[in-house]
Structures are given as structure tokens and as C-alpha cells.
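Numbering (our numbering), first residue to last: 1 to 150.
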């Protein structure tokens, strides 16, 4: 990636030193998902570019020069289906024996979002919309709501 795409950090954008120095981080694992072209939703512009810029931002912010300190996964557009995002999330974060106690894990999503009701509550739960989300298919909608609630 050229230096032209690398973000420049202003003083305002720099995190306080306590955010990046305590606790010490051994390594960083980042999963990026960016969707411009949805299967059935209005297309977006800039989400995949946001993924590229955030990748450059993390590398620059944390001064990640050592190959073994920065691990990233990138899923964009048609490959960012509900099933594929969940599979990659599980493999990259939950079942990854290389992640240790002081490692930092980040999930970054750029794309459509929505809200869905929580059964038995008046509150709404925010949710990400994968490539194959159509807002109508209950199997996809219910899967995203139920399986991604925090």
C-alpha cells in the first residue's frame, strides 16, 4: 500500500498513551469486514476503502513492523456472507491457539447496520448486515440477531 493511503495522525486523533501502553500488548489480531456491493441492499461507497485505511491506521498507530506482531483477516463484498463472517470470526478469534492473554483482538465492520427487536423487551439490538442480508429472510435476520448479540 502506498504511503499516500496511510492516514496521518493529528494530535486530536492520537489515543492517550494509557490506551496503547497498559496493559502491554504482545500482538494484535484484527478482522476487517467491508461491504460496498450488497446482494439485495443499496450499495455503499467507501466501505472497502475504509477497511484498507483502517488496516494502514492500525499498522501506523501501533508501529507494527514485526511480522509476528500483527495478524489480520480481510473479508470484503460477496465473500462477507453471514456464514463466512461467522466461520472466519470463530477460526480467527475463538479457536485460534496463537492468541494469548495480552493479545489485542479487534473486529472492524464497515457496511450496513440495522436494529432488531429483542423478544420480550422494548429495546432494540444493533446488528451488522452481512452481504446476504435482505431484511426479509427470517433465517438470516434471526441468525444475525441471535448469534451476534453481545
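Here a beta-carbon is modelled for each residue, glycine too, at the ideal position from N, C-alpha and C.
Treat the numbers as computed from the prediction; the structure is a model and nothing was measured.
In this structure, does DSSP put residue i in helix, strand or coil?
i, result
"residue 57", "helix"
"residue 104", "strand"
"residue 27", "coil"
"residue 115", "strand"
"residue 128", "strand"
"residue 110", "strand"
"residue 99", "coil"
"residue 22", "Confidence at residue 22 is low in this model, with a pLDDT of 42, below 50, so its placement is unreliable and the value that follows should be read with caution. Three-state DSSP puts residue 22 in coil, outside helix and strand."
"residue 35", "coil"
So is residue i buried or exposed if we call it buried at 16+ other beta carbons inside 10 Å?
i, result
"residue 118", "exposed"
"residue 80", "buried"
"residue 110", "buried"
"residue 124", "exposed"
"residue 82", "buried"
"residue 38", "buried"
"residue 112", "buried"
"residue 45", "exposed"
"residue 106", "exposed"
"residue 68", "exposed"
Going by beta-carbon coordinates alone, are residue i and residue j separated by less than 9 Å?
i, j, result
"residue 29", "residue 85", "no"
"residue 27", "residue 70", "yes"
"residue 40", "residue 135", "yes"
"residue 108", "residue 54", "yes"
The segment 31–51 in contact with the segment 125–134 per 3-pair CB rule at 8 Å: yes
Sufficient close CB pairs (3 or more, under 8 Å) joining the segment 88–99 to the segment 39–58: no
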